[in-house]
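Numbering (our numbering), first residue to last: 64 to 192.
Ideal Cβ placement from N, Cα and C applies to all residues, glycine included.
Working notes, beginning with the structure itself.
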Amino acid sequence: MTDYSAYSTPYEVLGEQKIRELTSAFYDIMDSLPEAAGIRAMHKADLNPMRERLAEYLIGWLGGPQIYAEKYGSVCMTGPHKGYAIGESERDQWLLCMHKALETVEVEPQLREMLKEPLFAIADMVRNR
Numbered sequence: 064m065t066d067y068s069a070y071s072t073p074y075e076v077l078g079e080q081k082i083r084e085l086t087s088a089f090y091d092i093m094d095s096l097p098e099a100a101g102i103r104a105m106h107k108a109d110l111n112p113m114r115e116r117l118a119e120y121l122i123g124w125l126g127g128p129q130i131y132a133e134k135y136g137s138v139c140m141t142g143p144h145k146g147y148a149i150g151e152s153e154r155d156q157w158l159l160c161m162h163k164a165l166e167t168v169e170v171e172p173q174l175r176e177m178l179k180e181p182l183f184a185i186a187d188m189v190r191n192r
């Protein structure tokens with residue numbers, strides 16, 4: 064088990080490559096999981112651009128370089144999602160995929176638990192219904 068007191072941010076624990084693996088796993092899971100069909104339908108067939116965007120966002124959100132902010136300006140996620148009907152079901156589908164992705168890329172259980180509430184907060188923030 065990792066001693067997290069030696070790290071300032073989750074980014075320092077995971078690193079950029081692991082975060083990119085996480086976002087890739089997230090979209091693979093979303094693409095194949097029947098329970099995530101609702102959010103999968105909101106995306107284009109090619110998920111690669113979204114893999115990159117989510118990776119850039121999470122890298123900054125987890126305490127790394129602010130790649131997303133430098134490219135797109137705002138890091139507020141409500142704007143990019145305003146054209147989609149997102150309620151509790153869609154939020155929960157997103158969280159299901161993210162939690163499965165965290166397990167898939169073998170993020171340690173302690174860190175997964177630490178990220179649970181903040182991930183819920185960002186997923187809940189984009190709800191608009």
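Does residue i come out as helix, strand or coil in the three-state DSSP assignment?
i	result
Ser-137	coil
Arg-67	Strictly speaking, residue 67 in this sequence is Tyr, with Arg absent from that position. Helix at Tyr-67.
Gly-146	coil
Gln-80	helix
Gly-127	coil
Ala-108	coil
Leu-96	coil
Arg-192	coil
Flag this pair as yes or no: are the beta carbons of residue i and residue j separated by less than 7 Å?
i	j	result
Gln-156	Gly-101	yes
Ile-92	Ala-118	no
Ala-88	Val-168	yes
Ala-104	Cys-160	no
Is it buried or exposed, residue i, if we count other Cβ atoms within 10 angstroms and call 16 or more buried?
i	result
Ala-69	exposed
Val-138	exposed
Glu-151	exposed
Glu-153	buried
For the alpha helix (DSSP H) that residue i lies in, which residues bound it at each end?
i	result
Met-161	151-167
Arg-103	100-103
Lys-179	172-188
Does chain D have any CB closer than 7 Å to the CB of residue i?
i	result
Gly-126	No chain D appears in this structure, which consists of one protein chain only.
Whole-angstrom Cβ separation of residue i and residue j, contact assumed at under 8 Å?
i	j	result
Leu-110	Tyr-90	5 Å
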